[in-house]
Amino acid sequence: DVVIDAALQDFGLAPAFLMGLDLRALCADDDAQIVYTFLDAMNEVNPAWMAFVRARGVGDHVEEDARAQIDTFRQGFDRNV
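Numbering of the sequence shown is given in the numbering used here, commencing with residue -16 and proceeding in unit increments.
This is the structure:
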C-alpha cells in the first residue's frame, strides 16, 4: 500500500499525501510548476499562510499540524516525479 510505504509520521495525514499523489498524476510539468510555486509561497512570511492555518481550526498545535499537512501533500506530489 502506497500510504504504508510512505512511512507517514501520522496516518491522519494520509488524505494530504494521497491528494498530492493524485494531483501530480493529473498535472503536466507546467501545471506542476504552479503547484510548486504555491507550496513555496506557503510559509510564515506570506499572509496567506495564517489564513491556511486558521482554516484548520483552533488548538495547541494548529500551525505545526498545518505545516505537516503541507509537507505531506508535497511528499505525495513529489513521489512520482
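For glycine and all other residues, C-beta sits at the position ideal for the given N, C-alpha and C.
Determine, using beta carbons only, whether residue i and residue j come nearer to each other than 8 angstroms.
{"i": "A(-3)", "j": "V(-14)", "result": "yes"}
{"i": "L6", "j": "T55", "result": "no"}
{"i": "N63", "j": "A8", "result": "yes"}
Report back the beta-carbon spacing between residue i and residue j to the nearest angstrom; my notes put them in contact at under 8 angstroms.
{"i": "G3", "j": "G59", "result": "3 angstroms"}
{"i": "A15", "j": "F35", "result": "Actually they are not in contact, since the Cβ atoms of A15 and F35 sit about 20 angstroms apart, beyond 8 angstroms."}
In angstroms with no decimal places, state the Cα-to-Cα distance between residue i and residue j.
{"i": "A24", "j": "I53", "result": "11 angstroms"}
{"i": "E47", "j": "F21", "result": "18 angstroms"}
{"i": "A51", "j": "A31", "result": "16 angstroms"}
Item to check | Any alpha helix (DSSP H) of 4 or more consecutive residues that is wholly inside the segment -8 to 20 | outcome: If we require 4 residues or more, the alpha helix (DSSP H) runs fully inside the segment -8 to 20 come out as -3 to 9.
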